[in-house]
Amino acid sequence: MSCILETRGLYKEFGAVTAAKDVNVRISKGEVVGVIGSNGAGKTTFINMVTGYLKPSRGEILFNGQSIIGRTPRAITRAGMARSFQVAQLFPELTVLDNLLIALAAAESPFPSLLRPLRNDGRIARAEAILSEFSILTWRDSKVTAVPQGVRKLIDIAMALIGDPQMLLLDEPTSGVSAEEKTQLMDTVMQVVSRHQVTVLFVEHDMDVVRRYVSRILAFYSGEVLADGPPQTVLANARVQELVTGGQRAHKGATA
Amino acid sequence: MRLDKTELILLGVAAVLAASGLIAPQWLVFLLTMALAKSMVVQGVVMQMRAGLVTFGQGLYFCIGGYAVGMSGHFLNISDLPTLLLIGVVAAVALAMLLGLLMTRYREIFFAMLSLAFSMILYGMLVKSPALGSTDGFNVKAWTLFGWSPAAGQAPLALFVIIVAVSAVLAVLLHRYGRSSAGAMCEAIRENEVRVEYLGQSPRWVLYMNYVAAAGVSALGGGFMALAAGHIDPEMAYWITSGEFVFIALLGGTAHVAAPIIAAVLFAVVRTYAIELVPHSWQMILGITLLAIIVFLPKGLWSLFSGQARAAKAVEAKA
Amino acid sequence: MNNYKKNVPHYRKALPLALAIATAGMTASVTGAAVAAENGKFRIGVVTFLSGPAAGPFGEPSANAAKVLVDGLNQGKLPAPYDKLGINGAEIEMVIIDEAGGAAKQVEEFRNLVQRQKVDAVVGYISSGDCLAIAPVAEELGAMTVFYDCGTSQLFSEDKTPQYVFRTSLDAAVDNIGAARYLAKTRPDAVRVGGIQQNYAWGQDSWSDFTLSMAQIMPKSEVVESQMPKVFQGQYGAEISALSVKRPDIIHSSFWGGDMEALVLQANSRGLLEDATAVLTCGESALARYKDQAPNGMIIGGRGPFGAFAPENPLNNWFTQAYQSAYNAAPTYPASKMAQAILGLKFAAENAKAEAGKIPAPLEMAKALKGASFESVSGTVQMARAGGHQAMQGIAYGEYHYDAASKKGGVQNVIAFSGECVTPPDGTSAHDWIKAGFPGAQCN
Amino acid sequence: MLSVYAVLIDGAIYASWLFLVAAGLTVIYGVMRILNMAHGSFYAIGAYAAASLVGWYFNNGVGPVWVGYLMMLGCALAAGLIVGLLIERGLLRFMYGRDEVLMVIITYALLLILEDAMKMIWGVNPYFAYQPYAEMGRSVLAGLKVSNYDLMLVGVSLVLGLSLWLWLERTNQGKVLRAVIHDREVAQAMGVNVRRVFTLVFVLGTVLGTLAGALTAPAISVAPGIGVEIIVLAFAVVVIGGMGSIEGAALGALLVGLSRAAAVHYAPQFELFVIYGVMALVLAVRPQGLFGRVLARKI
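So the protein lines, in turn, are chains X, G, D and R. One rule links them: number in this note's numbering = place in the first sequence (from 1) + 54. One rule links them: number in this note's numbering = place in the second sequence (from 1) + 110. One rule links them: number in this note's numbering = place in the third sequence (from 1) + 433. One rule links them: number in this note's numbering = place in the fourth sequence (from 1) + 215.
Structural data, given as structure tokens:
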């Protein structure tokens, strides 16, 4: 399978702190990759660099074989890489439907129409379809502020997905959601995502969730990729167990 | 072009209003003309408010529109009303295309302050121009319409009918703009700019377009103001004038395209009676009104009407 | 289409409701308005600054003077020829309006005065911009209008064939021609001239009139410094330094109000006014307030024969006394000018050949005032310029003198110049007249 | 050469006055994120209070002059405390958490109300309390006659600026304040009584405003509208320096003061634009102002 995303020798320094250190990753089309790591391990930094929010200090990022270093998040999104956020990034004073319609209109054209209405039958049909896929159509006309946290996470993902991206980056899709809801939420998300045949990379803390859905795991520690491979291999890795999944937060002896 | 219900109501009200101009007292006709001219500037403020930006310098474009009309009459001997207004709008749009490049980099208080600075620079330049009458300004020449000039004493009424018609068309256009993708995108930027960027849309481009369009609309108001009052002065660009537009914008709220118009009319009525009844403390009345609106009607006067409509709906549902 | 019709936003219903309420409000305001009018009284709209920086020095004395005069007239207390009750026997009613807010707003309020309040005449306006904007509207509406203070030379060059618009105050050019003439008489050896003006039309015009006049009247003088600070700035430290550095003999200023007082205080305490003589064209308006903070010998004017420069006559004696007893202060020049405008209006109404007790039509009043001469607190006023619509009067300058014993300031060495000496003839702009060397001027 | 010295002296005097006027504005904005349009009214209230009381004292009494100076300070303090507490306790505390721009408009409404309220209390006639200014006499600096009162203002401004800075940087209270400035929520979580801090800071800002007015009053004629005139000036200084920064306000004041003095001496026709020119220039290069911090949004 062809490679969709590749990073070569990616570094990111914030003053004295190194948030990314020689990150080399290749992701193929259609893969579902889980990213794990403790807080501050560099997971979100990685996503932020790949989506153009942060500029790497050094290194190269290729999307579909083209360098996207220095491109804006907007350009990268238009190239086909969408993302969701750790804290759902929505338009709180608007309705759920409008949130999706805006996402759709944005995906359709970089120059929004001045006089043609946002709401047209075609767009509404697509928005409703995706809301049904996520089983949240009942919230269609509610303001986002009136919607529970779990649903917001789904809207966030639906907005990323409605523009038909080739690759979807999900930053902790289950954070802020209660433990009982997590599995159900991830089930929904992964079902929809697989139906849309999009390459997925997601960040997750819960190992059970990760194990359930991914074909491959990237384990981050202190800005470095500690291990990369199928779940059983990575999770069996002694250093991953010590530094990531074991819950030990010991920093001594860390490979700095 | 199909019109929806709101648009039909707007056009209908405009027709009634224009007709009632024939029987209304002349002072009221004039007051409404001025209020409608102002409401156009307020529309420009509201357009930006919907995108989350509060401008304390919309007087800049108001003034450009007014001076373009006045100067074209004096120096180019143009008296045709549409041409005059068009010159004003074009001048404002040209300036906005330039300033917009800078302005769209700023948000919140910085946007407010920078917009204020630019309008004050224009104010300073006009004050320094004796050829344009400095602070005294100058009188605007009488207008004609496609070669027809109104009979003596009929100009205010004729202008009223014209401004009502233009306001109605503008309201329909702005109504559509508010519901268009671009209009929705403005609200989205106000709500969450980062997300808009991550949807592949350029917030700066949307804001730029919105800024330029708002400038054009405001300049139209300035042009009408110049024709109606027959006089222009640099006060139009002074920050207190811009503050008044923000005041009216808040008074109406951003919920509906008719809100700025109703607010502008109400403001004019309240002010003219406040000046007459309490000539020494009308500012205080305005201040208290403004505070009361912020405290009790944070979404503007419009929330009063829509709130009632909602209550009425609830009663209907129960029955 | 069907999909979102269910979700019609609630404001759809709000629009007709909102419009209905707005319309109802408008109707109410229309019907409520005309009540006061048509009650047989002579209604005068008085417009002057009630708020902002011009309210204290100009607006308040003007409004006070209007009240004193209207009360006096209604009670028939004025000396002849103004001893008839009210105006032409009709009681006077005054509607007072704040001039603040700019010309566009004033045009609106003027229309309200004439068309809603149905006033029979409007007296007012300090700001030149307001006068310029009001004049065409007054002509359009056919409303008798008397400007009492604004000084722009543009007024009657814009309103070329005035019918209803009169000005009983003097063109600002007169102030500065008079100032130059006074200097020529009292400071013939002065050479170095500096100026400080507020940076707006008034200051700019004053300075150009003054420097042009000086070039004619005192050709040896040279302008060494011109400062134009922002109006209402209040702090003039840097400007005073810049003037000091140039060591002028004369410092001309058209400052007024708080700015003028602050300038005098700051310049005096920094020694500038010891080395140079200040000429303040509006200086009289703060006569009672300088105390020992202004040097003796400072030249001040009152924009005509007003205030402290007003002559002794029965009218002025009555006015000064009535004003003094009502407000515990002597009337300053804005007060005298307001009185003059109202007297001019009374003269016009009573010579319009209307029946006693009746209110004459505006055109009748205008015809009566056009080119007339009437008695005023400042002596005889001739409406001798701009086709009989612009007053011509002399102007006086004098030197400030503070009497430490009585703690009162006064004027000394007053020199008055006749109207013919300082007023450009009809058809000639002030600038052209000055540049041509004042052809036809008759000076005493 | 004389005019170079004059520019420096005039610039320093004007800058110190600007700093006095802007200090309260920047303190309030820094901590409370309120761009206070009514600051000009506080200035005017201080000026009116001082001018009316000091004028009364000198016109009626034969008391010693130094009492007049004390009265000026007393007036500023009393007026600031009363007005500040009234507005903060009576109005603003119900508004915290609202949008920053909405707060601007609330204070704009306050400005309209206060302008007329002042007119009701003090009338429209100017107050002229020149004695404290005139009594101090003048000195000759580099050939230029300078008012001692103005020189004193430079001193007051320096002392005030330094003590504000020391208070913020070197005391425990200052630490608490900086914590609030840095992150309001975290400070609250750490047990800081943010509401009390707000009351304290608002009253401090108000007192700084009235103090500026009281100190200016003897040199000017106190009349309606003086407050409105200085708002834009103070805004410009604060925006140039970086909103909420004391050292920024000082530098902004110095920049504007010197540019303005230079313009007055060398190019009087540009004096009107200096302030906005400097502001537009600084903002174009450093949008957050000279000492402003850029806040990145966390995603």
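Note that the Cβ used here is the ideal one computed from N, Cα and C, for glycine as well.
If you drop the 5 nearest sequence neighbours on each side, which residues of the same chain put their C-beta closer than 7 Å to that of Trp-689 (chain D)?
Closer than 7 Å at the Cβ level, and outside the excluded window around Trp-689 (chain D), lie Pro-490, Cys-715 and Ser-718.
Would you decide whether Gln-388 (chain R) is buried or exposed? Buried here means 16 or more other CB atoms lie within 10 Å of its CB.
Exposed: under 16 other Cβ atoms inside 10 Å.
Could you name the residues of the same chain whose beta carbon sits closer than 6 Å to that of Val-254 (chain X), not counting the 5 residues immediately before and after it, in chain order?
Here the set comprises Val-86, Leu-222 and Val-247.
Please confirm whether Ala-495 (chain R) has its beta-carbon closer than 8 Å to some beta-carbon of chain G.
So, interface residue.
Please confirm whether Glu-717 (chain D) has its beta-carbon closer than 8 Å to some beta-carbon of chain R.
Closer than 8 Å: no.
With DSSP collapsed to three states, give me the class of Leu-448 (chain R).
Helix.
What residues are listed by DSSP as bridge partners for Tyr-835 (chain D)?
In the DSSP output, where bridge partners are listed per residue, Tyr-835 (chain D) has D:Gly-842.
Quick one: which chain G residues come within Cβ less than 9 Å of Asn-632 (chain D)?
Those are Gly-234, Val-237, Lys-238, Ser-244 and Thr-245, listed as they occur along chain G.
Roughly how many whole angstroms lie between the Cα atoms of Ile-231 (chain G) and Leu-205 (chain G)?
For Ile-231 (chain G) and Leu-205 (chain G), the distance between alpha carbons rounds to 13 Å.
So, under 8 Å CB-CB, Ser-436 (chain R) and Trp-337 (chain R) are touching, yes? Tell me the CB distance rounded to an integer number of Å.
Actually they do not touch by this definition, with Cβ atoms about 13 Å apart.
Please report whether the beta-carbon of Phe-257 (chain R) lies at a distance below 8 Å from any beta-carbon of chain D.
Answer no: the Cβ-Cβ gap between Phe-257 (chain R) and chain D never drops below 8 Å.
Pick helix, strand or coil for Ala-469 (chain D), following the three-state DSSP scheme.
The predicted position of Ala-469 (chain D) is uncertain, since its pLDDT is 43 and thus under 50; a value taken from the coordinates is nonetheless stated next. Of the three classes helix, strand and coil, the one that applies to Ala-469 (chain D) here is coil, per DSSP.
Taking C-beta to C-beta, are Gly-310 (chain G) and Gly-113 (chain X) nearer than 8 Å?
No, Cβ-Cβ distance for Gly-310 (chain G) and Gly-113 (chain X) is not below 8 Å.
Quick one: grab the DSSP three-state call for Ile-732 (chain D).
Of the three classes helix, strand and coil, the one that applies to Ile-732 (chain D) here is strand, per DSSP.
Taking the straight line between their C-alpha atoms, what separation do you get for Val-441 (chain D) and Val-547 (chain D)?
Its pLDDT being 38, under 50, Val-441 (chain D) is placed unreliably by the model, and the measurement read from it follows with that caveat. So the alpha carbons of these two residues sit roughly 46 Å apart.
So Leu-676 (chain D) packs on Glu-658 (chain D), CB below 8 Å; how close in whole Å?
That belief holds up - the Cβ atoms of Leu-676 (chain D) and Glu-658 (chain D) are roughly 5 Å apart, short of 8 Å.
Do you know offhand how far Val-274 (chain G)'s Cα is from Ile-358 (chain G)'s?
Distance between the alpha carbons of Val-274 (chain G) and Ile-358 (chain G) is about 19 Å.
With the cut-off set at 8 Å, would you say Val-236 (chain R) and Ile-445 (chain R) are in Cβ contact?
Taking 8 Å as the Cβ cut-off, Val-236 (chain R) and Ile-445 (chain R) qualify as a contacting pair.
By the three-class DSSP mapping on this structure, what secondary structure does Arg-353 (chain R) have?
Here Arg-353 (chain R) sits in strand by DSSP.
Are three or more beta carbon pairs between the segment 340–355 of chain G and the segment 139–159 of chain G nearer than 8 Å?
The segment 340–355 of chain G is in contact with the segment 139–159 of chain G.
Does the Cβ of Thr-747 (chain D) have 16 or more other Cβ atoms within 10 Å, making it buried, or fewer, making it exposed?
Per the sequence presented here, residue 747 (chain D) reads as Pro, with Thr not at that position. Pro-747 (chain D) comes out exposed.
Quick one: is Ile-133 (chain G) buried, meaning 16 or more other Cβ sit within 10 Å of its Cβ, or exposed?
It is exposed - the Cβ of Ile-133 (chain G) has fewer than 16 other Cβ atoms within 10 Å.
Since Gly-247 (chain G) contacts His-184 (chain G) with CB under 8 Å, what's their CB separation in whole angstroms?
No, Gly-247 (chain G) and His-184 (chain G) are not in contact; Cβ-Cβ is about 12 Å, not under 8 Å.
Curious, which full-length beta strand (DSSP E) runs of at least 3 residues does the segment 559–629 of chain D contain?
Within the segment 559–629 of chain D, the complete beta strand (DSSP E) runs of at least 3 residues are 578–580, 598–600 and 625–629.
Taking Ile-101 (chain X) as the query, report the chain G residues whose CB atoms sit under 9 Å from its CB, ordered along the chain.
Residues of chain G passing the Cβ test: none, with the nearest at roughly 11 Å.
Listed from N- to C-terminal order along the chain, which residues in the segment 651–671 of chain D have their beta-carbon within a distance smaller than 8 Å of any beta-carbon of chain R?
For the segment 651–671 of chain D, which is checked against every Cβ of chain R, the residues closer than 8 Å are Ser-659, Gln-660, Met-661, Pro-662, Lys-663, Phe-665, Gln-666, Gly-667, Gln-668, Gly-670 and Ala-671.
Quick check on Val-503 (chain D) - is its C-beta less than 8 Å from some C-beta in chain G?
For Val-503 (chain D), the answer is no, since every Cβ of chain G falls outside 8 Å of its Cβ.
Do Asn-545 (chain D) and Thr-399 (chain G) have their beta-carbon atoms positioned less than 8 Å apart in this structure?
No, the pair does not count as a contact, with Cβ atoms beyond the cut-off.
Since Tyr-723 (chain D) and Ala-695 (chain D) are thought to touch, with beta carbons under 8 Å apart, how far apart are those beta carbons, to the nearest angstrom?
About 12 Å separates the two Cβ atoms, so there is no contact after all.
Within 8 Å of any Cβ in chain G, is that where the Cβ of Met-261 (chain X) sits?
For Met-261 (chain X), the answer is no, since every Cβ of chain G falls outside 8 Å of its Cβ.
Hey, does Pro-764 (chain D) have any beta-carbon neighbour from chain R nearer than 8 Å?
No, its Cβ sits nowhere closer than 8 Å to a Cβ of chain R.
How is Gly-393 (chain R) classed by DSSP in three states: helix, strand or coil?
The sequence given here places Arg at residue 393 (chain R); Gly does not occur at that position. Helix at Arg-393 (chain R).
Indicate whether Leu-151 (chain X) and Asp-210 (chain X) have their beta-carbon atoms separated by less than 8 Å.
For Leu-151 (chain X) and Asp-210 (chain X), no; Cβs fall outside 8 Å.
Please tell me whether Pro-569 (chain D) and Asn-249 (chain G) are closer than 8 Å, where the distance is taken between their beta carbons.
Contact: yes.
Where Gly-122 (chain G) and Ser-277 (chain G) are concerned, what is the direct C-alpha to C-alpha distance, given to the nearest angstrom?
The alpha-carbon atoms of Gly-122 (chain G) and Ser-277 (chain G) are separated by roughly 12 Å.
Compare the C-beta of Asp-331 (chain R) against all C-beta atoms of chain G and say whether one is closer than 8 Å.
For Asp-331 (chain R), the answer is yes, since a Cβ of chain G falls inside 8 Å of its Cβ.
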